[in-house]
Amino acid sequence: MSVFLQLYTQLYLGGGIPKVIEQLGNDFKNTTSYTGLFDTTTPSYLNVPNIVQIGSPYQSKFKLLAWYKRFRSLKEIKKDKGVTVTVSHTPWLHLLNTIVGGKDKKILLFHTSLTSSNAFTLWQRILIKAILFLFSNQTYACIAVSVELENELKRIPRIRNKVTHIFNYFELEEIFQKSKEPLAFELDEILNNYSVFVTAGRLHSQKNFTFLIELFAKLKKEKKYYAAKLLIMGIGPELEMLMELAHSEQLVAVQLKSAGMGDLKKADIIFAGYMANPYPVLRKGALYISTSLYEGFPIAVCEALVLQKLVIISDCPTGHVEIISGSITNGYNIGKNPFGILLPLRNLPKKQALHQWHTFMVENSDLILGCNGNQENHYRFSKEHKQQQIMKWQRMIEPAFVSIA
């Protein structure tokens, strides 16, 4: 039997990576699964068996000592558990795991574009490429979560033959069932009676919520968007700054946890915080919008598409383009695509991008506000596609697995 260990360092409430960790930790019956967290606390919301702490109580003051203790802890865990396969969810943990050594298959699962200067600094990108180049012999596989990201990684010498992609997959029945669960009365009333633009993500620069708020402020000056509201699901370090930005744009911003019905009716922007079940909000919202600067394979966008919502997203690297167009090889359009609307952000000055988003959304307001959702089923959100991705993982994790398809 395979013994499978995942490695990760920071888990954000409502983030996409915890969902991936849960799937990989629970979906393989012939595998004993462990999740190694490089932290001093275990999040209660992470639903995986056999969580192992690899954090150090000294990590905040003595970084070198902390990494040494992590090195020793990981080495002992791999030996004691008889680990046969490890999946690192960041390149830095892949480096540590490679230095620790052992006979386990060492897999790096890449979640983020390597070309975006917003994701990594120049020196970080150089270091990551050097890690993959120098430790290519010790790396069993480098897995990308999108085709565009796979193509980025294949540009690195010596590692390109070990690069492949496995898409994130979705529990379709679970999403459908949870989307029907009741909401709090006040929030339900707002979603039923207003055009609510929904977005989700950690309140962090990656998600580019400053751009979204400035865009929304411009749209609110247009007659057709005057009554619209923006609902942001997520927590993070930028909450106070985003609230202040909204106020500076003459928008009324409230936090859901402290707002009554009167506050919600007056609000232009609702910060909903962490929602354990976001699906009823996604289902009842008018549309889903994402202005991210970079992604890997954005789970919230896909969940909105599963619920057949209209999505308006940026052309950021990576994932967005191939999801919205259906393919990375056939090209794509700025504007309407087979599975939603793609608007320009990549390599554009902010002012120019704001102008283009605003112009498109004003000129196409009837399409956007009158849309009943995305009625075309995306091929990536089928039971067959999910099974294909699981089988790819099985071939990586379970050496005795033989496909009978």
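Its first residue numbered 241, the sequence shown is counted upward by one per residue in our numbering. Ideal Cβ positions, reconstructed from N, Cα and C, are used throughout, including at glycine.
Residues near residue i by beta carbon distance below 6 Å, same chain, minus five either side
| i | result |
| --- | --- |
| residue 645 | Only weak support exists for where residue 645 lies, its pLDDT of 33 falling under 50; the value from the coordinates is given anyway. Cβ within range, chain order: n/a, list empty. |
| residue 504 | 426, 430 |
| residue 279 | 295 |
| residue 345 | 325, 380 |
| residue 342 | 318 |
8 Å contact criterion, which residue i and residue j should meet: CB distance rounded
| i | j | result |
| --- | --- | --- |
| residue 465 | residue 605 | 7 Å |
| residue 507 | residue 521 | Wrong, their Cβ atoms sit about 15 Å apart, outside the cutoff. |
| residue 347 | residue 636 | 6 Å |
| residue 482 | residue 437 | That pair is no contact at about 15 Å. |
Other residues of its chain near residue i: CB distance less than 8 Å, five sequence neighbours each side excluded
| i | result |
| --- | --- |
| residue 516 | 285 |
| residue 638 | 242, 268, 270, 271 |
| residue 311 | 336, 339, 340 |
| residue 257 | 248, 251, 329, 351 |
| residue 578 | 564, 565, 566, 616 |
| residue 418 | 517, 519, 520 |
| residue 573 | 565, 582 |
| residue 543 | 410, 415, 518, 519, 522 |
Residue i, enclosing alpha helix (DSSP H) - first and last residue
| i | result |
| --- | --- |
| residue 564 | 560 to 565 |
| residue 598 | 590 to 603 |
| residue 419 | 412 to 419 |
| residue 339 | 331 to 340 |
| residue 257 | 256 to 266 |
| residue 313 | 303 to 321 |
| residue 451 | 449 to 460 |
| residue 634 | 623 to 637 |
| residue 444 | Careful: residue 444 lies outside any alpha helix (DSSP H) and carries neither H nor E. |
| residue 427 | 425 to 433 |
Beta carbon of residue i nearer than 7 Å to that of residue j
| i | j | result |
| --- | --- | --- |
| residue 382 | residue 399 | yes |
| residue 510 | residue 552 | no |
| residue 388 | residue 562 | yes |
| residue 393 | residue 403 | yes |
| residue 453 | residue 423 | no |
| residue 513 | residue 539 | no |
| residue 276 | residue 292 | yes |
| residue 408 | residue 537 | yes |
| residue 556 | residue 586 | yes |
| residue 533 | residue 377 | no |
| residue 594 | residue 455 | yes |
Within-7 Å CB hit, residue i to chain D
| i | result |
| --- | --- |
| residue 410 | Of the chains in the structure shown, none is chain D; there is only one protein chain. |
Beta-bridge partners of residue i, as assigned by DSSP
| i | result |
| --- | --- |
| residue 661 | Since the displayed the chain opens at 241 and closes at 645, residue 661 lies outside it and no answer follows. |
| residue 577 | 580 |
| residue 494 | 510 |
| residue 345 | 325 |
| residue 405 | 384 |
Residue i CB to nearest heavy atom of the ligand PLP below 6 Å
| i | result |
| --- | --- |
| residue 439 | As for the ligand PLP, it is missing from this structure, which has no ligand bound. |
Residue range of the unbroken beta strand (DSSP E) whose run includes residue i
| i | result |
| --- | --- |
| residue 440 | 436 to 440 |
| residue 215 | The chain is shown only over 241 to 645; residue 215 falls outside these bounds and no answer can be derived. |
| residue 382 | 381 to 384 |
Neighbourhood of residue i by C-beta, 7 Å cutoff - its chain only, sequence neighbours within 5 removed
| i | result |
| --- | --- |
| residue 365 | 354 |
| residue 265 | 246, 273, 275, 288, 289 |
| residue 367 | none |
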